[in-house]
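Shown next, in structure tokens, is the structure this report addresses.
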Amino acid sequence: MRYDDFRRSDDIDDRRDDSGGGGGGGIGLPIGGGGLGIGTLIVLGLVGWAFGIDPRVLIGGAEILKGGGQAPSYQSDRRQGSAKTGAPTDEMGSMISGILGEIDDRWSEVFKASGQTYTGPRIVLFRNATNGGRCGMAQAAMGPFYCPPEKEIFLDTGFFREIETRFHGCSGNACKFTAAYIIAHEAGHHVQNLLGILPRVTRLQQQAGSKAESNALQVKVELQADCLSGVWTNLEEKKRPGFLEAGDIDAALTTASAIGDDTLQRQATGRVVPDSFTHGSAAQRKHWFMTGYQQGTIQACNTFAAGAL
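Plus 4 on top of the position in the sequence shown (first one is 1) and you've got the numbering used here.
What follows is the structure, encoded as structure tokens:
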């Protein structure tokens, strides 16, 4: 991926020099009624690496998605003494800032065309752990995630190395576009938030008759974010022909396959339980990214339509 001419965004909080503190330390994951078995936690930990909305939704319910309401048991003081704001100057930070700048520009154009105003998310860069405000403690093991009430994307940049070494989702220069795919997926959740999709899904989940039904709704949310990542790629390619290089799309598809629920469950437990999926299978994630990439419209990303999956 060529990104030298990307517009750098200043909507970055760089906490990577904060030594993994996190402002208020010792905050763990909430365990709901009756607790969760260690096997379940291992699976959820792996799913967390698949990136998406704050993984605590998988454990503690959908509280943090309620119209900006406070999530229980977490401090919301996000002051970071050594945090830096603005576009970072190191290679990794500059690339992320450039990706965010282009994502914001393309979605601003889409929203403007329909008479709406787009305000982009902030990205919080950190190492190990940091305070995630109303989404609680952000930890590296969660993978990247979007926090709806804060309108922020939390990202430990070490995750990109894990994609290459642990999940074998990319290699060499193609890993740069894999990073763009991941960040565009998180920004897809932000688009869903602005359009009111996330709050509506939360209400439906609260009314769901079973955990499997609630999980199925979450899968549709995640696959739509994959599709919206593909839409951004389509729009960016039209704006900057040649920004994609040989192997970039294949790397994104390989990553999507590596983080499919079926792949992760098989690695963690040796078996696949579709009713417990929260992000979609490898085939579904690849399909919806390509749908967005090939068609380039939000309308193409209706994962909630009957028979869409």
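The beta carbon of each residue, even a glycine, is placed where N, CA and C say it ideally should be.
Item, Value
"With which residues is residue 145 paired in a DSSP beta bridge?", "DSSP output for residue 145 lists no bridge partner at all."
"Is residue 63 helix, strand or coil by DSSP?", "Here the model assigns residue 63 a pLDDT of 36, short of 50, so the residue's position is not dependable, and the following value carries that caveat. Three-state result, residue 63: helix."
"How many Å lie between residue 17 and residue 284 at the Cα?", "30 Å"
"Note down the Cα distance separating residue 226 from residue 119, rounded to an integer number of angstroms.", "26 Å"
"Hey, could you find the ends of the alpha helix (DSSP H) residue 188 is sitting in?", "178-198"
"For the alpha helix (DSSP H) that residue 289 lies in, which residues bound it at each end?", "286-299"
"Closer than 7 Å, CB to CB, is residue 16 near chain B or not?", "In summary, chain B is missing from the structure at hand, where a single protein chain is found."
"As a quick exercise: from 167, 248, 213, pick the residue whose alpha carbon is nearest that of residue 9.", "248"
"Distance check for residue 112 and residue 236, CA to CA, integer angstroms please.", "11 Å"
"Provide the residue(s) that pair with residue 88 in DSSP beta bridges, ordered along the chain.", "18"
"Quick one: Cα of residue 179 to Cα of residue 168, how far?", "7 Å"
"Assuming residue 207 is part of the alpha helix (DSSP H), what are its boundary residues?", "201-211"
"Do you know offhand how far residue 304's Cα is from residue 310's?", "14 Å"
"To the nearest angstrom, how far is it from the Cα of residue 98 to the Cα of residue 202?", "30 Å"
"Taking all protein chains shown into account, do 16 or more other C-beta atoms lie within 10 angstroms of the C-beta of residue 199, making it buried, or fewer, making it exposed?", "exposed"
"So, using beta-carbon positions, are residue 117 and residue 181 closer together than 7 Å?", "no"
"Just mark residue 13 as buried or exposed, buried being the case when its beta carbon has 16 or more other beta carbons within 10 Å.", "buried"
"What do you get for residue 217, buried or exposed, if any count of 16 or more other CB atoms within 10 angstroms of its CB means buried?", "exposed"
"Is DSSP giving residue 110 helix, strand or coil here?", "helix"
"Roughly how many angstroms lie between the CA atoms of residue 222 and residue 93, to the nearest whole one?", "36 Å"
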